[in-house]
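Only one structure is covered here, and it is reproduced in the block below.
Numbering (my numbering), first residue to last: 15 to 430.
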């Protein structure tokens, strides 16, 4: 079992102390459909955006388990804030996979804002692509679901490369764009039933030149050691997570905030049960059915967190060696992330069902968590029909046929 360092404990404690503030601002966060600037400032002041940032550029370069724990803590106060924190913070790790020139420009520029927060994500294209030109690419298109769009200076776009003689599967690349330089436009489209404050808006790019140094091949950040090509961050930064394919850890950028939200809903329910009575004046907390339901929910949430942290540890251990983990093991990690979605839905459904009419009031902590979890688990990374099938195929020794792009690049698929 990997031990938590004193530095990690301190940062987790800092996140924990922010929970009451985030909870107090959660209604405003929903109403304004964006994270309050005060919350972003608090996260920056606590150093939380730097947990995955490379040490060479002023970050903490902590283990991914710290990211999971901090995201869960923040989710107890505000799921939207935790979701945006997850999305923005994971780009500190992704940026460490870009060419060193880009890392030097962004992190050694003396710009403290970028030291603290980096980018939102445009990985869901409505339309778009990049044309190769001398020195880089011309990027044009429209992308959806860029969480944290208003709180970020940069955006990382995933786009196909448009070539005259393209193969059946297009080359996909990540492109780093600067909002202050006018390289992309934010279109206000996010008005959802849950995770309202995430500002997961659309991104529009119009014939924008992107230098070669600000792009990286999707295949190159998803290779395993046996593929013969090292990830660009490998050898540049010490953390094992620069040797882990992005698609292996991507699912952990979704689940923790939702586990935190469900934990917050449980805490609110327990607090309400301490005083709630039935029509006869009997305390509901004294009834066996309530006690059993609360115990079941707490056990499920604890088991989900433990399972994710165990998988994080297994991933770090696997990629610390010279040989990649098997497809079966990698599929199990994605299976577990999507399995949490089913469990989380059952948890918040149970809490709101037993909460009575008070729990249905718009803005109630349980009601908000119910909507936030229901919205979050629709993410493709938590789709059981995809990842359950992937694991079933791997377990049965069949060829992986996931409809989702890039999970198992053709050059690294092997049997279990």
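Using N, Cα and C, we set each Cβ at its ideal position, and we do this for glycine too.
For residue j and residue i, believed in contact at Cβ under 8 Å, the rounded distance
i           : j           : result
residue 138 : residue 157 : 6 Å
residue 188 : residue 168 : Not a contact, Cβ separation roughly 12 Å.
residue 173 : residue 149 : About 17 Å; that fails the 8 Å criterion.
residue 108 : residue 171 : Wrong, their Cβ atoms sit about 12 Å apart, outside the cutoff.
residue 153 : residue 160 : Actually they are not in contact, since the Cβ atoms of residue 153 and residue 160 sit about 14 Å apart, beyond 8 Å.
residue 369 : residue 283 : 6 Å
residue 268 : residue 315 : The pair is not a contact, with the Cβ atoms about 16 Å apart (cut-off 8 Å).
residue 63  : residue 122 : Going by Cβ atoms, the distance from residue 63 to residue 122 rounds to 17 Å, so no, they are not a contact pair.
residue 91  : residue 208 : No, residue 91 and residue 208 are not in contact; Cβ-Cβ is about 16 Å, not under 8 Å.
residue 345 : residue 391 : Not really, about 19 Å apart at Cβ, beyond 8 Å.
residue 202 : residue 275 : At roughly 24 Å, the Cβ-Cβ gap does not stay under 8 Å, so residue 202 and residue 275 are not in contact.
residue 210 : residue 331 : Going by Cβ atoms, the distance from residue 210 to residue 331 rounds to 38 Å, so no, they are not a contact pair.
residue 363 : residue 347 : With a Cβ gap of about 26 Å, residue 363 and residue 347 do not count as contacting.
residue 204 : residue 30  : The pair is not a contact, with the Cβ atoms about 28 Å apart (cut-off 8 Å).
residue 4   : residue 341 : No answer is possible for residue 4: the residues shown for the chain start at 15 and end at 430.
residue 110 : residue 256 : 6 Å
residue 56  : residue 32  : 5 Å
Helix, strand or coil at residue i according to DSSP, with G and I counted as helix
i           : result
residue 4   : Since the first residue of the chain shown is 15 and the last is 430, residue 4 is not available in this structure.
residue 198 : coil
residue 28  : helix
residue 127 : Since pLDDT at residue 127 reaches only 38, below the 50 mark, its modelled position is unreliable, and no value is offered.
residue 176 : coil
residue 288 : coil
residue 212 : helix
residue 20  : helix
residue 329 : helix
residue 414 : coil
residue 186 : strand
residue 269 : helix
residue 34  : helix
residue 278 : helix
residue 250 : coil
residue 371 : helix
residue 419 : In this prediction, residue 419 scores a pLDDT of 37, lower than 50, which makes its location untrustworthy; the coordinate-derived value is nonetheless stated afterwards. Correct three-state label for residue 419: coil.
residue 426 : Only weak support is given to the placement of residue 426: the predicted model assigns it a pLDDT of 37, under 50, and the value that follows is read from those uncertain coordinates. Note: residue 426 maps to coil in three-state DSSP.
residue 221 : strand
residue 324 : helix
residue 242 : Below a pLDDT of 50, predicted positions are generally treated as unreliable, and residue 242, at 46, falls in that range; no measurement from the model is reported.
residue 171 : strand
residue 144 : strand
residue 335 : coil
residue 395 : helix
8 Å Cβ shell around residue i - same chain, five flanking residues per side excluded
i           : result
residue 252 : 69, 75
residue 375 : 381
residue 318 : 269, 273, 354, 357, 358
Start and end residues, alpha helix (DSSP H) containing residue i
i           : result
residue 91  : 78-91
residue 350 : 341-368
residue 388 : 379-390
residue 231 : Unbroken run through residue 231 is the beta strand (DSSP E), 229-231; no alpha helix (DSSP H).
residue 53  : 51-59
residue 402 : 398-409
residue 262 : 260-263
Beta-carbon contacts of residue i that lie in its chain and below 6 Å, excluding the five residues immediately before and after
i           : result
residue 200 : 163, 215
residue 212 : 94, 97, 98, 161
residue 304 : 298
residue 286 : none
residue 227 : 113, 115, 116
residue 197 : 191, 222
residue 355 : 391, 396
residue 100 : 85, 267, 271
residue 231 : 187
residue 67  : 73, 106
residue 40  : 92
residue 182 : none
residue 13  : Since the displayed the chain opens at 15 and closes at 430, residue 13 lies outside it and no answer follows.
residue 34  : none
residue 51  : none
Residue-level contact to chain B via CB, residue i, 8 Å cutoff
i          : result
residue 85 : The displayed structure is made up of one protein chain only, and chain B is not part of it.
Host beta strand (DSSP E) of residue i (start-end)
i           : result
residue 155 : 150-160
Contacting residues, own chain, Cβ-Cβ under 7 Å from residue i (five flanking each side not counted)
i           : result
residue 323 : 79, 82
residue 402 : 349, 352
residue 114 : 250
residue 258 : 329, 333
residue 118 : none
residue 184 : 174, 175
residue 366 : 373, 380, 381, 384
residue 20  : none
Legend entry - Segments assigned beta strand (DSSP E), at least 3 residues, entirely inside the segment 96-126: Taking 3 residues as the shortest admissible run, the segment 96-126 contains no complete beta strand (DSSP E) segment at all.
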